[in-house]
Structures are given as structure tokens and as C-alpha cells.
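J.: One structure is given below, represented as C-alpha cells, and several questions about it will come after.
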Amino acid sequence: MGMAKLADSTFLNCEAQPQPFSEADAQSPIDLVHLSRQTFGDHDLERELLALFDAQAAQYTKRLRAPAARGDDWRIGLAHTIKGSARAIGAFEVGQAAEAYEQALRSADASAAEKAEILGAAIGRARGAIALLLGGAAQNGPTGKYFR
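In terms of the numbering used here, the numbers along the sequence shown are unbroken and rise by one, the last being 133.
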């Protein structure tokens, strides 16, 4: 089965909108200790990276929801980019889901559409956590509890 057929339904039903996330949730989709280490504790840089990832995640999802076409190997590259971006900010669930999706696409695995849905859900949870961390203003500047 060709990659175009596998990717046809990819992200068609997944908006990857920010999902509700509360401090009571067992584990944050963003590893703040990792993020702090990556930025050497610079909260301004943390805010900037989180807001950038949030904006990029929305764009990645839109691109991945585009109808599949023969020879659209760009999905593999985009999954790889998501994997790296997510891991850089400590969104390890997103990174793991992106890696699984990338591998499914590379091997023309029939589970690619399912892996895409899992990735979309993980992106939504990460975006919800970012909205909470930034006080719901990821695009408009930091106001969240974490950064006060």
C-alpha cells in the first residue's frame, strides 16, 4: 500500500486544538525541568520557546491535515521536525508520537493513520499545557502562573 493511501485520512478528524489541562493532571505534557535546563533557567526564553512551539504546532497540524497525494514524502520530514521541536521543549509525549508516526510512514505501515491521530491528541494536550503555563496568551505574551 502506498504512502499516499496510508496518509489519506491522516489528521482529517484531528484539530490538535489546545485541550483542557489542569495542574491536577498527573503529569504535565511539558517537562519543565528539561525546558529550564535547555534555557539555563531563562524564563523569558522559556516563554518564547513555548509560544513558538504552540504556534508551530498549530501550523504543523494544518499541514498534516492536507489531503494526501502521491509522492508527498514531506509528511515524513514534517513528523521528524515535530519530533525534534517537541523534544527540545520537553514535550516528550509529542516527540514519541511523532517518532512513531514518522516510522509508520517510512515503513508504509497500515497504522500510520492511527499514529497520526495519537500525534494530534498529544499535540492538543501539549498546547493545552502551554496555554495554562502562559496564562492562555501563548500568542499575546506571557501572563501565566508559572512565569509570574
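No residue lacks a Cβ here, since even glycine has one placed at the ideal position from N, Cα and C.
What did DSSP end up calling residue 29 once you bin it into helix, strand or coil?
T.: Here residue 29 sits in helix by DSSP.
J.: Would you check if there are 3 or more beta carbon pairs closer than 8 angstroms linking the region 95 to 103 to the region 72 to 86?
T.: They touch, by the three-pair rule.
J.: Which residue comes first and which comes last in the alpha helix (DSSP H) that contains residue 66?
T.: That run of the alpha helix (DSSP H) goes 59 to 74.
J.: Can you check whether the CB of residue 108 is closer than 8 angstroms to the CB of residue 20?
T.: No, they are not a contact pair.
J.: Beta-carbon within less than 7 angstroms of residue 64's beta-carbon, same chain only, minus the 5 sequence neighbours each way: which residues are those?
T.: Excluding residues within five positions, the ones whose Cβ falls inside 7 angstroms are 83, 86, 87, 90.
J.: Identify whether residue 108 lies in helix, strand or coil by the three-state DSSP scheme.
T.: If DSSP states are grouped into helix, strand and coil, residue 108 belongs with the helices.
J.: What three-state label does DSSP hand residue 92 in the structure shown?
T.: In this structure, residue 92 counts as coil in the three-state DSSP scheme.
J.: Can you name, in chain order, every residue of its own chain whose Cβ lies under 6 angstroms from the Cβ of residue 136, other than the five neighbours on each side?
T.: The first residue shown for the chain is -14 and the last is 133, placing residue 136 beyond what the model contains.
J.: Which two residues bound the contiguous alpha helix (DSSP H) that contains residue 23?
T.: Per DSSP, residue 23 belongs to the alpha helix (DSSP H) from 17 to 23.
J.: Throw me the rounded Cβ distance for the residue 39 and residue 110 pair, which I believe falls under 8 angstroms.
T.: Not really, about 12 angstroms apart at Cβ, beyond 8 angstroms.
J.: Excluding the 5 residues flanking residue 15 on each side, which residues of the same chain have their C-beta closer than 8 angstroms to its C-beta?
T.: Excluding positions up to five away in sequence, the list reads 35, 74, 75, 76, 111, 114, 115, 118.
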